[in-house]
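Below you'll find the structure, written out as structure tokens, and then a few comments.
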Amino acid sequence: MCLEMWIEGDASAAEQLASAADLAAKESGLHFTRRHPLVRWPWAREKPVVIYVSAGGCACSLLSDDADCGDEYWALEPKAADQLGIGLVAFAQHGPDKRRIFDRETGDATGPRDRDEVDGL
Ligand SMILES: [Zn+2]
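To get my numbering, take the position in the sequence shown, counting from 1, and add 98.
What follows is the structure in structure tokens.
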């Protein structure tokens, strides 16, 4: 089981997304890692910009030791929850208005769960 958490935004706002990710990382201490690797091809430039949120690697490092992947909601480490809140607020303040937040668990016996989209920020 592995938890991924990311923010997607339109490619047209790539520079603002990158700037917001940098500020969110600086203020929260978390990693806001931007991926838009296909920008070298014109057909790929319109793909959404994806920003992975973690403390390094996947988002599992944000989970508490007693997080249960069978629960509807997973527990975060208190410090990680605070950092995530700070980072998401910073991202909301500096990022484009149009953005989407997702999480997904991967690698369990049933395969990836449908990604969950979080409305609002
Ligand atoms: Zn993981």
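Backbone N, C-alpha and C define an ideal beta-carbon position, used for all residues, glycine too.
Terminal residues of the continuous beta strand (DSSP E) containing histidine 221? In this structure the chain extends from 99 to 219, so residue 221 is not present and cannot be described.
In whole angstroms, what is the alpha-carbon distance linking aspartate 108 and leucine 182? Mapped onto the sequence shown, residue 108 falls at position 10. Mapped onto the sequence shown, residue 182 falls at position 84. Spanning the two alpha carbons is a distance of roughly 22 Å.
Ordered along the chain, which non-local residues of its own chain (more than five positions away) have a Cβ less than 6 Å from that of glycine 185? Locating residue 185 in the sequence shown gives position 87, counting from the first residue. Same-chain partners within the cutoff: Ala122, Ser126 and Leu128.
Where do the ends of the beta strand (DSSP E) carrying serine 152 lie? Here residue 152 refers to the residue found at position 54 of the sequence shown. Per DSSP, serine 152 belongs to the beta strand (DSSP E) from 147 to 152.
For tryptophan 172 and serine 117, the rounded distance between their alpha carbons: As a position in the sequence shown, residue 117 is number 19, starting the count at 1. As a position in the sequence shown, residue 172 is number 74, starting the count at 1. Going from the Cα of serine 117 to the Cα of tryptophan 172 covers about 29 Å.
Rounded to a whole number of angstroms, what is the C-alpha to C-alpha distance between leucine 160 and isoleucine 105? By one-based count along the sequence shown, residue 160 stands at place 62. By one-based count along the sequence shown, residue 105 stands at place 7. The alpha-carbon atoms of leucine 160 and isoleucine 105 are separated by roughly 16 Å.
Measure how close the beta-carbons of valine 148 and alanine 157 come, nearest whole angstrom, since I'm counting them as under 8 Å. If you number the sequence shown from 1, residue 148 lands on position 50. If you number the sequence shown from 1, residue 157 lands on position 59. Their Cβ separation, rounded to whole angstroms, is 13 Å, which puts valine 148 and alanine 157 out of contact at 8 Å.
By the three-class DSSP mapping on this structure, what secondary structure does glycine 185 have? Here residue 185 corresponds to residue number 87 of the sequence shown, with the count starting at 1. In the structure shown, glycine 185 sits in a helix (DSSP, three-state: H, G or I).
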